[in-house]
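**Q** Residues in the sequence shown are numbered consecutively from -9, following our numbering.
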Amino acid sequence: MEAVYPEVVGTLEELSRRGVRMAVVSDAWPNLPDLHAAFGIDRFFEAYAISAELGCNKPDPRMYHHASTALNLAPSQCLFVDDDPGLVAAAIALGYEGRAVCRDSAPSEMPSIASLAELLDLF
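(1) Distance, Cα to Cα, residue 4 vs residue 36?
(2) Does the structure place the region 93 to 107 close enough to the region 45 to 62 that three or more beta carbon pairs sit under 8 Å?
(3) If you reduce the DSSP assignment to three classes, tell me which class residue 112 lands in.
(4) Does the ligand MG have a heavy atom nearer than 7 Å to the CB of residue 4?
(5) Which class does residue 105 belong to by DSSP, given the choice of helix, strand or coil?
(6) Please report the residue range of the beta strand (DSSP E) in which residue 16 lies.
(7) State yes or no: is the C-beta of residue 102 within less than 8 Å of the C-beta of residue 83?
(8) Can you check the region 35 to 100 for any alpha helix (DSSP H) of at least 4 residues that lies completely inside it and give the ranges in chain order?
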């Protein structure tokens, strides 16, 4: 089992402390919440939009909208974060805010961050 990046738990804890509501949008299998539970991070997420359950993959708008609807938030009230700049661009085109995570690569033309900890500067 892979581990999470070192800053993930602390960042999620601080975002949660600040009242930031979070959901996961993932091209994954239905057991993703169980994997997050094994890492001890499932408690941070109110909703999951999982491709294997929804029958579509990102950048299908249904993926993004499932999560924002579950949080009862408008797209403009949400920040979508992904390591694929193209998926961030798709979210932005749908009215979401977005940041591409560019850990080991040059920042894309998309608004980007090098680490999840940089999200703390936004909230």
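Backbone N, C-alpha and C define an ideal beta-carbon position, used for all residues, glycine too.
**A** According to the structure shown:
(1) 16 Å
(2) no
(3) coil
(4) Ligands are entirely absent from the displayed structure, and the ligand MG is therefore not among its contents.
(5) coil
(6) 12 to 16
(7) no
(8) 41 to 44, 51 to 60, 75 to 83
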